[in-house]
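S.K.:
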């Protein structure tokens with residue numbers, strides 16, 4: 001009987017759930033040494049994948065690919081229920097839970113469940129009193145970036161100038177749109 005190759009061993013690890021490679025910084029485990037090496041960049045701050053249009057750089061090539069599809073306005077993943085399109089399959093899957101009623105993320109402290117991990121994280125921040133999203137123009141802080149964006153628009157008449165372009169965003173542009181702009185295209 002032939003000895004298993006490294007590819008065969010890797011497939012076996014995926015099937016059995018074995019994760020022999022552990023990050024020395026955070027303890028997270030991986031089933032491939034290459035995945036651990038890519039993860040390590042999170043701790044070192046290395047961002048080897050750069051966008052030619054905006055100059056932003058990323059830890060993973062897959063994140064760069066998603067970023068570049070946003071430049072192109074690509075949303076190739078349509079929802080079968082409502083037709084709304086999304087830039088990635090995971091975002092579509094999260095959206096579809098609105099239609100199916102699935103709420104797979106559960107709070108361990110109470111009986112509430114949520115459609116997405118970000119909603120659960122915001123719920124936990126509400127329970128603990130944590131407000132990590134701080135207004136740059138006043139002392140207020142919020143549990144989510146979207147609530148901060150609403151505050152910026154309603155209280156300070158917009159999110160302020162784009163850090164890359166140095167000009168204010170148009171009044172109809174939301175706060176989360178500013179990071180997406182990134183100075184790669186002129187503001188209207």
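In this note's numbering, the protein residues as written are 1 to 188. For each residue, glycine too, the CB sits at the ideal point set by N, CA and C. Note that the structure is a prediction, hence the values are computed from the model and not measured.
(1) Pull the bridge partners of residue 57 from the DSSP assignment, please.
(2) Thinking C-beta only, is residue 141 closer than 8 Å to residue 153?
(3) Could you check whether residue 100 and residue 116 sit closer than 8 Å to each other, using their CB atoms as the reference points?
(4) For a quick check, are the C-beta atoms of residue 75 and residue 62 less than 8 Å apart?
(5) Compute the distance between the beta-carbons of residue 37 and residue 66, then report whether it is under 8 Å.
(6) On the premise that residue 64 lies in contact with residue 79, defined as a C-beta separation below 8 Å, what is that separation, rounded to the nearest angstrom?
(7) Could you compute how far the alpha carbon of residue 20 sits from the alpha carbon of residue 134?
(8) Report the rounded CA-to-CA distance for residue 47 versus residue 34, giving the unit in angstroms.
(9) Terminal residues of the continuous alpha helix (DSSP H) containing residue 89?
(10) Using only CA atoms, which one of 155, 138, 122 lies nearest to residue 145?
(11) Can you give me the C-alpha to C-alpha distance between residue 29 and residue 139, rounded to a whole angstrom?
(12) Tell me, to the nearest whole angstrom, how far the beta carbon of residue 127 is from that of residue 109; I am working on the premise that it is less than 8 Å.
(13) Starting from residue 41 and walking both ways along the alpha helix (DSSP H), at which residues does that stretch end?
M.R.: In this structure, then:
(1) Position 57 of the chain shown, counting from 1, holds the residue named residue 57. Its beta-bridge partners are 50.
(2) By 1-based counting over the chain shown, the position of residue 153 is 153. By 1-based counting over the chain shown, the position of residue 141 is 141. No. Outside cutoff.
(3) Translated into the one-based positions of the chain shown, residue 116 becomes position 116. Translated into the one-based positions of the chain shown, residue 100 becomes position 100. Not in contact: residue 116 and residue 100 (Cβ atoms no closer than 8 Å).
(4) To locate residue 75, count along the chain shown from 1; it is residue 75. To locate residue 62, count along the chain shown from 1; it is residue 62. No, the pair does not count as a contact, with Cβ atoms beyond the cut-off.
(5) Locating residue 37 in the chain shown gives position 37, counting from the first residue. Locating residue 66 in the chain shown gives position 66, counting from the first residue. No, Cβ-Cβ distance for residue 37 and residue 66 is not below 8 Å.
(6) To locate residue 79, count along the chain shown from 1; it is residue 79. To locate residue 64, count along the chain shown from 1; it is residue 64. Going by Cβ atoms, the distance from residue 79 to residue 64 rounds to 25 Å, so no, they are not a contact pair.
(7) Here residue 20 refers to the residue found at position 20 of the chain shown. Here residue 134 refers to the residue found at position 134 of the chain shown. In this model, residue 20 and residue 134 are separated by some 39 Å (Cα to Cα).
(8) Looking up residue 47 in the chain shown gives position 47. Looking up residue 34 in the chain shown gives position 34. C-alpha separation (whole angstroms): 16 Å.
(9) Position 89 of the chain shown holds residue 89. 89 to 100 is the extent of the alpha helix (DSSP H) around residue 89.
(10) Here residue 145 is taken as the residue at index 145 of the chain shown, counted from 1. With distances taken between Cα atoms, residue 145 lies closest to 122.
(11) For the purposes of this step, residue 29 is taken as residue 29 along the chain shown, with counting starting at 1. For the purposes of this step, residue 139 is taken as residue 139 along the chain shown, with counting starting at 1. Taking C-alpha positions only, residue 29 is separated from residue 139 by approximately 39 Å.
(12) Here the question's residue 127 lines up with position 127 in the chain shown. Here the question's residue 109 lines up with position 109 in the chain shown. Contact holds; Cβ gap of about 6 Å.
(13) Here residue 41 is taken as the residue at index 41 of the chain shown, counted from 1. Residue range 33 to 44 is occupied by the alpha helix (DSSP H) that includes residue 41.
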